[in-house]
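Note that the protein sequences, when read in sequence, are chains A and B.
Under my numbering, think of the first position of the first sequence as 709, with each following residue one higher.
Under my numbering, think of the first position of the second sequence as 5, with each following residue one higher.
The block underneath contains the structure these notes are about, expressed in structure tokens.
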Amino acid sequence: MSDRLEPIEDRGGKAQPLLQVNGLTKHFPVRGGWFGARKTVRAVDDVSFAIGKGETVGIVGESGCGKSTTARLLMQLMDRDAGELIFDGMQVGHEMSLRELRRGMQMVFQDSYASLNPRLTIEESIAFGPKVHGMADGAARALARDLLGKVGLRPEIFASRYPHEISGGQRQRVNIARALALSPRLVILDEAVSALDKSVEAQVLNLLVDLKREFGLTYLFISHDLNVVHYISDRVLVMYLGEVVELGPVEQVWARPAHPYTRALLAAMPSSDPDKRTEVPPISGDPPNPIDPPPGCRFHTRCPFAEPLCTNSAPKLTGLDNMGHQTACHMAIPGSGHSRAPATAA
Amino acid sequence: MSITPAQILPDAALQAEPAAKARGYWATVGRRIVRDRISMVCVAILLAIVLSALLAPWLHLADPYQGSMIRRLRHIGTSGYPLGTDELGRDMLARLIYGGRLSLLIGISPVILAFGIGTMLGLVAGYVGGWVNTAIMRTIDVFYAFPSVLLAIAISGALGAGIANSIVSLTIVFVPQIARVAESVTTGVRNRDFVEAARASGAGPFTIMRAHMLGNVLGPIFVYSTGLISVSMILAAGLSFLGLGTKPPEPEWGLMLNTLRTAIYVNPWVAALPGAMIFAVSICFNLLSDGLRSAMDIRS
């Protein structure tokens, strides 16, 4: 066992969420031609959530809903327009520097090949991060070999190889080792298994579960694959056009989806049982252009239960029970005025 | 619906031994170029020319400045003058070999200088992006708008004749071309995920440029620059031909071509010799650049 970087210390204790995100917002300006009006893509709009210590939180949604932008904003690879990040009780940018945050939080990207430098050996790629944070070259290389073993790759075979010489699943294992090299407490997995074929995907998922236990990690797991999210997550966040529409423990959300979009997503999941074949398309059309998101509830253009109210006012995230299951739908808000809304509690 | 871990077989590939010992990228490129016959012939010719130019004083050649009114324009193969004599009766072999020193110097050094400056500009423009990119690249476009021959003549003319000035003017001609290539390669590499990953690990811009960008960017720029050496040789010869480079009686291929052109009807073979040298060197650099390009084109 070689030396590792000390993980940044646990400050807030068990009850303090590891990462708290408040009002995270990112708008991209788009110019419409030479004299066109400046428009904005609302990629991520007022997203708030918290990740508890040791938890796995999944983010699901169609492509273009802002999942990856959220990941990049959390990782500070992009500047956010608004919102605050609180890592273990410390506000990022004030009580916690960017450099410290990057020790505490690491990311695995979707494209296993593009995320490794083709000119560096695998060992050098993994050792790069610890060296940036002041580890000596020899120690960093020893750590890299040690971590290769942890992700199931024999260091004597793989350490001196180049990324193009190994398979996609092996590369993604290397990327995971690279993320772990900084002893992070939170690992963001941005579609980390989506590009792998099914059997390799399952192996990598199980590796992730094992590593989580061994290193006491917390995961933010971003995927469009509902089965995978259900398998690995404790809680899940459903995003639609840059907004959180539903959030809650994964079993609750799967059993009693509250938002019509979540219901449609779950119904669209292919079933291996021929008697349970989906015959009616649960949702039709493409998501509206995020450059001009519809007013009110963003889902009303595709929602079968849309009423005039939904066009006029945007629903806020509202708690459904005391388990933390929340949704942003007028139908779930008592007294919202929607015909299907529950009656106002007395 | 969920995935059952128990059913998963171990990944056979994880246990497999690699077929061959992994080699570094540059080692592989080196091996490939050595196997390329055309490139190796070019390397041999260039080495012979460069070495003879460098070692000229020790080769027991005739004095390249010593003329003779009675031995002008001897044919190739005349005894004592294996490559004949020029219009002032000077030994052509000695002048060609000594001429290589200046010709190669003003042919190669502008490319080396422009390689350094252009790579730096392009790397910064490509990596930083935004208004820095706009400022650098638009300035460079201004230079790029002139045909290179015209620009070289204009700058040389403004600075005045001389070897140093022609090197400066050729450097200015090549910087925009190399910077452009460097910028586009850098922009391509910068957007790859591994650069993001390096940023995510907390590395600063200079560490990222040194550790992650340079290795991926230098190759293509280097290939492009080798190709420019032949252009540089020809432009340098052109400047000397126009009287903007070296001054007589200094032996230099471009200048020799100029002074011998009056003798083209009397002794065409001798008059063509400096041109043949320029041709040989530029085509060798060109072929070498092509060879490098294909040697570096490993699936990466």
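Virtual Cβ for every residue (Gly too), placed ideally from N, Cα, C.
Item, Value
"Distance, Cα to Cα, Pro725 of chain A vs Thr764 of chain A?", "12 angstroms"
"Report yes or no: is there a C-beta of chain A within less than 8 angstroms of the C-beta of Arg196 of chain B?", "yes"
"Assign Gln784 of chain A to one of three DSSP states: helix, strand, or coil.", "coil"
"Between Gly791 of chain A and Gly223 of chain B, what straight-line distance do the alpha-carbon atoms span, to the nearest angstrom?", "42 angstroms"
"Could you spell out the range, first to last residue, of the beta strand (DSSP E) harbouring Ala758 of chain A?", "Arg746 to Ile759"
"Candidates A:Met1039, A:Leu732, A:Arg921 and A:Gly774: which alpha carbon is nearest Ser1021 of chain A's?", "A:Met1039"
"Exposed or buried, what is Tyr102 of chain B when buried is set at 16 or more other beta-carbons lying within 10 Å of its beta-carbon?", "buried"
"Check the Cβ of Glu254 of chain B against every Cβ in chain A and list those closer than 7 angstroms, keeping chain order.", "Those do not exist, as Glu254 of chain B stays about 44 angstroms from chain A at its closest Cβ, beyond 7 angstroms."
"Got a sec: which bits of the segment 204-216 of chain B sit with their beta carbon under 7 angstroms from any beta carbon on chain A, in order along the chain?", "Ala204, Ser205, Gly206, Ala207, Thr211, Ala215 and His216"
"Less than 8 angstroms between CB atoms is the rule here; does Asn220 of chain B satisfy it with respect to chain A?", "yes"
"Measure the alpha-carbon distance for Lys761 of chain A versus Ala723 of chain A and round it to whole angstroms.", "8 angstroms"
"What are the partner residues of Lys734 of chain A, as DSSP defines its beta bridges?", "A:Val752"
"From Thr211 of chain B to Pro892 of chain A, what does the alpha carbon distance come to, in whole angstroms?", "21 angstroms"
"Tell me, please, whether the CB atom of Asn1020 of chain A is closer than 8 angstroms to any CB atom in chain B?", "no"
"For the segment 817-850 of chain A, which residues have a CB atom closer than 7 angstroms to at least one CB atom of chain B, in sequence order?", "Phe817, Asp819, Ala822, Ser823, Leu824, Asn825, Pro826, Arg827, Phe836, Gly837, Val840 and His841"
"Between the segment 161-193 of chain B and chain A, which residues of the former have a C-beta closer than 9 angstroms to a C-beta of the latter?", "none"
"Only counting the same chain, and skipping five residues up and downstream in sequence, which positions put a Cβ closer than 6 angstroms to that of Ala60 of chain B?", "Ile101 and Tyr102"
"Identify, in the order they occur along the chain, each residue of the same chain with its Cβ nearer than 7 angstroms to the Cβ of Gln784 of chain A, setting aside the five sequence neighbours on each side.", "Leu806 and Leu809"
"Residues in its own chain within less than 6 angstroms of Gly977 of chain A by CB, not counting five upstream and five downstream?", "Checking the sequence, you will find Met at residue 977 of chain A rather than Gly. Within the same chain, Met977 of chain A has close Cβ partners Leu934."
"Report the residues of the segment 117-135 of chain B with a CB closer than 8 angstroms to any CB of chain A, ordered along the chain.", "none"
"What do you reckon, are the CB atoms on Ile80 of chain B and Trp257 of chain B nearer than 8 angstroms?", "no"
"Can the beta-carbon of Val895 of chain A be found closer than 8 angstroms to that of Ile834 of chain A?", "no"
"Under 7 angstroms, CB to CB, which of the residues in the segment 925-955 of chain A have a partner in chain B?", "Asn935, His938 and Tyr939"
"For the alpha helix (DSSP H) holding Glu909 of chain A, just list the boundary residues, first then last.", "Lys906 to Phe923"
"Can you give me the C-alpha to C-alpha distance between Thr82 of chain B and Met44 of chain B, rounded to a whole angstrom?", "33 angstroms"
"Going by DSSP in three states, Met1039 of chain A sits in which element: helix, strand or coil?", "helix"
"Applying the 10 Å Cβ sphere with the 16-neighbour rule, what's the burial state of Asp787 of chain A?", "exposed"
"Under 8 angstroms between beta-carbons, which chain B residues line up against Leu890 of chain A? List them in chain order, please.", "Ser205 and Gly206"
"I want to see whether chain A comes within less than 8 angstroms of Ala363 of chain B, judged by CB atoms only; does it?", "The displayed coordinates of chain B run from 5 to 304. Any statement about residue 363 of chain B would go beyond what the structure contains."
"By DSSP, does Gly258 of chain B sit in helix, in strand, or in coil?", "helix"
"At a Cβ threshold of 8 angstroms, is Arg811 of chain A touching chain B?", "yes"
"For Val274 of chain B, which of helix, strand or coil comes out of DSSP?", "helix"
"Tell me, please, which residues DSSP counts as bridged to Glu954 of chain A.", "A:Val946 and A:Thr1035"
"Given that Arg807 of chain A touches chain B, what residues does it touch there, using C-beta distances under 7 angstroms?", "Gly206"
"CA-CA distance, Gln11 of chain B and Lys906 of chain A?", "In this prediction, Gln11 of chain B has a pLDDT of 44, which is less than 50 and means its spatial position is unreliable; what the coordinates show is noted afterwards. So the alpha carbons of these two residues sit roughly 12 angstroms apart."
"To the nearest angstrom, report how far apart Asp67 of chain B and Gly208 of chain B are at their CA atoms.", "58 angstroms"
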